[in-house]
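Position one of the sequence shown corresponds to residue 49 (the working numbering), numbered consecutively onward.
Here a beta-carbon is modelled for each residue, glycine too, at the ideal position from N, C-alpha and C.
Owing to the predicted nature of the structure, the values given are computational and were not obtained by experimental measurement.
Below you'll find the structure, written out as C-alpha cells, and then a few comments.
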Amino acid sequence: MRVIVTPTQPFNDQKPGTSGLRKKVKVFQQAHYLENFVQSLFDTLTVPNDAVLVIGGDGRYHNRQAIQTIISMAAANGFARVLIGQGGILSTPAASHVIRKYKSFGGMVLSASHNQGGVNGDFGIKYNISNGGPAPEKITDEVFAKSKVISEYKVSDLPTVDIDTIGEKNFEGMVAGHSFTVQVIDAVQDYADLMQSLFDFKAIKQLLASGFEMKFDAMHAVTGPYAKEIFVNRLNAPIESLMNCEPSEDFGGGHPDPNLTYAEDLVNIMFAGEDALDFGAASDGDGDRNMILGQNFFVTPSDSLAVLAANATLVPAYATGIAGVARSMPTSGAVDRVAAKFNVPCFETPTGWKFFGNLMDAGKVTLCGEESFGTSSNHVREKDGLWAVLFWLNIIAAKKMGVEAILKAHWLEYGRNVYSRHDYEAIPTEAANSVIAHIKSQFSSLPNQKFGHYTVKLCDDFSYHDSIDGSVSNNQGIRILFTDGSRIVFRLSGTGTEGATLRIYLEAYEPDSTKHHLDAQVALAEMIQIALQISQLIEKTGRVAPTVIT
C-alpha cells in the first residue's frame with residue numbers, strides 16, 4: 049500500500065470547541081476540510097509503532113464516509129491498528145470504554161452530539177486520549193495552531209473497508225513501513241458487559257417484572273442498539289418499553305436532544321395524568337446525555353446528580369462509598385450539600401467533560417455531572433446516558449419508591465435548589481457578544497445593588513485553576529452572585545454550529561418544604577426578570593422568549 053502526500057491550504061475555522069470541531073455537514077464535505085483537521089491532529093501526536101486508534105460515531109449523515117477517510121489517514125500516519133464499532137456505530141461513552149478496555153492510544157469520535165443530523169444538519173469530530181476522555185485544551189490548542197499552517201496531508205491507497213462485518217482485516221504488504229490491521233468489534237456487547245458489572249441487574253429485572261412500566265426514547269440515535277441489548281435481552285423488559293431505537297442518519301428528522309422541548313413524544317407519555325407510566329428516560333445523538341422523568345414529573349439534571357450521589361451506596365459499584373463529586377460551574381449547588389453531609393470533596397469546574405478527567409484519574413472524584421443533561425462516574429471518562437438511566441432504576445428498585453417520591457424525600461432532607469436554564473439559540477454572534485459585553489460593563493456597579501428581594505454580592509467571569517495539572521482556564525461564564533446564595537449565570541455555549549447560543553442559568557435555594565411543590569418557572573419568576581434587566585437581552589437581540597427552557 050502506498051502513502052500519498054496531498055498538497056493543501058489551511059482553513060481558518062478549525063478551532064475545536066468544548067466537544068471537538070462541529071460544523072455543518074456541507075462544511076465537512078468541502079475538499080480537504082476533514083483531511084486537514086485529522087492531519088493537524090495527527091501532527092500533534094507522537095505515534096508509537098504499535099498504536100491502536102478507536103474510530104466510531106453516532107451514525108449521523110457523513111459518518112460512514114468520514115470513517116473511511118480516517119482509516120486511510122491512520123494507516124498513512126503510522127497507526128498499527130484501528131478498532132471500529134460495527135457499522136461505524138459507537139456511542140461516546142462506549143468509545144471511552146473501548147479506548148480504556150483495549151488500552152488504545154486514543155480515539156476519533158464522530159458526532160455533533162445533540163445537534164440535528166442529515167444532509168443539511170451538523171457533523172462533528174473530536175479526539176479522545178488514552179484515558180478515554182476528551183483531549184485537553186493543550187492538545188486542542190495545538191491542533192488549531194497546526195491547522196492554520198498546514199500545507200499537506202497523508203492518505204494511503206487502501207481499498208474501501210467493510211465496517212459492517214465483525215472481524216479483522218490484515219492488509220497485505222506494508223503501509224508507510226509498518227503492518228496495518230482494521231478490526232470491527234461488537235462494541236454493544238462490551239458496553240453492556242460493563243453496565244452489568246456496575247449495577248444490580250437482578251434487582252432491576254425484578255422491578256421491571258413487577259408491573260413497573262417504563263419507556264426509554266433513543267431518539268433515533270446511537271443508544272438504540274445498546275438499549276435493546278441491555279433492557280430487552282438482559283433485563284427482560286418488553287420491546288414496547290423502547291421507542292425510536294433504530295439509528296437514523298437524520299435522527300428520524302428530529303432533534304436528538306433529550307429535554308422537555310425536543311423529546312416531546314416521551315414527555316407526552318410521561319405527563320398523561322393518571323395514564324402516565326412509572327418511569328421515562330431519553331438519551332441524545334451520541335448517547336452521553338440523559339433525561340429522567342417520573343409520573344408527571346421532571347428531574348432536573350442538577351437534582352439528578354445530587355440524588356445519585358446521595359444514594360450511591362445502593363449500587364454495587366459504589367457500595368463502599370464515593371471519593372468525591374464534581375460539577376460544572378453552571379450546575380446547581382444541590383450536589384454540594386450531599387458532599388458536605390458525606391464529608392467528601394466537591395469540585396466546581398468549567399463546562400466541558402475534559403475538566404473532570406484529571407480529577408477522576410487522580411482518584412479525587414467518583415461521580416460528576418453537568419446541568420446540560422450529562423452525568424457519569426469514573427467507569428469511563430465521558431458523560432454516559434444509559435449509565436444514568438440504569439443508576440436511577442437501581443435506586444428505585446432498592447428504595448421501592450417512585451421518582452417523585454425520591455426527589456421530594458431528598459428535598460426534605462437537603463432543601464431544594466430551584467433551578468432552570470433558558471437557552472436562546474442561533475442568536476447573531478455580534479448581538480450575543482453585545483449582551484455579554486453589556487453585563488461585564490456593570491461589574492463595578494452591580495455589587496450591593498438591590499433587585500426586588502435580591503441583593504448582589506459580587507459578579508465575575510469564572511476562572512478555574514486545575515489542582516492536578518496546574519492549568520488555568522479563564523472566561524468560563526459570567527456569575528451574578530446574590531447575598532442569599534442565589535445566582536444567575538450567563539454563558540455562550542460552544543456546542544452549536546450556527547450563530548451563538550446564549551444560556552442563562554437561574555438558581556435559588558429554598559429550604560421551606562411547603563414551597564418545594566412550586567414549578568421552577570414560578571419560583572424563579574422574579575429572578576428571570578432580574579436576568580433580563582441586567583443583560584438587556586430583549587433589547588439587544590430582539591428575542592422575547594427562550595428557544596428552550598429546562
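In chain order, which continuous runs of the alpha helix (DSSP H) of length 4 or greater are located wholly inside the segment 453–491? 477–488
Using the rule of at least 16 other Cβ atoms within 10 Å of the residue's Cβ for burial, across every protein chain shown, is Glu418 buried or exposed? buried
Report back the beta-carbon spacing between Thr361 and Ala367 to the nearest angstrom; my notes put them in contact at under 8 angstroms. 5 angstroms
Would Asp326 and Asn292 be called neighbours here (beta carbons separated by less than 8 angstroms)? no
State the Cα-Cα distance for the pair Asn391 and Gly166, rounded to the nearest angstrom. 48 angstroms
So, Tyr553 versus Pro398, is the Cβ gap smaller than 8 angstroms? no
Asp313 (DSSP reduced to helix, strand or coil): helix
Indicate whether Leu138 and Val100 have their beta-carbon atoms separated by less than 8 angstroms. no
If you check the beta carbons only, do Trp435 and Ser424 fall under 8 angstroms apart? yes
Among Pro286, Phe171, Arg129 and Ala160, which one has its Cα closest to the Cα of Val232? Arg129
State whether the segment 274–284 contacts the segment 469–481, with contact taken as three or more CB pairs (one from each stretch) at a distance under 8 angstroms. no
Cα separation between Met49 and Ile177? 28 angstroms
Reduced DSSP category for Ser227 - H, G, I as helix; E, B as strand; rest coil: coil
Test item: CB-CB of Met408 and Arg429 under 8 angstroms: yes
Is the Cβ-Cβ distance between Lys194 and Ser120 less than 8 angstroms? no
Using 8 angstroms as the cut-off, can you tell me whether the segment 197–206 makes contact with the segment 325–342, which would need three or more C-beta pairs spanning the two stretches below that distance? no
Any 3 or more C-beta pairs closer than 8 angstroms across the segment 507–519 and the segment 445–455: no
Under the three-state reduction of DSSP, which class applies to Asp514: helix, strand or coil? coil
Any idea what DSSP makes of Arg108, helix, strand or coil? coil
Who are the Cβ neighbours of Gly372 in its own chain at under 6 angstroms, not counting the five residues just before and after it? Val392, Pro393, Lys412 and Val413
Glu555 by DSSP, collapsed to three states: which one? strand
Bridge partners for Gly65 per DSSP, in chain order? Gly68
Can you check the segment 320–383 for any alpha helix (DSSP H) of at least 4 residues that lies completely inside it and give the ranges in chain order? 349–358
If you run the structure through DSSP and keep just helix, strand and coil, what is Gly300? helix
Leaving aside the five residues before and after Leu290 along the sequence, list all residues of the same chain whose C-beta is less than 6 angstroms from its C-beta, in chain order. Phe264 and Ala275
Give me the Cα-Cα distance between Gln116 and Asp212, rounded to the nearest whole angstrom. 12 angstroms
Between which two residues does the beta strand (DSSP E) carrying Pro55 extend? Val51 to Pro55
Measuring CA to CA, which of Ala358, Glu185 and His268 is closest to Ala457? Ala358
Should Ala79 be labelled buried (16 or more other beta-carbon atoms within 10 Å of its own) or exposed? exposed
My understanding is that Asp106 touches Ala269, with C-beta atoms under 8 angstroms, so please give their C-beta distance in whole angstroms. 6 angstroms
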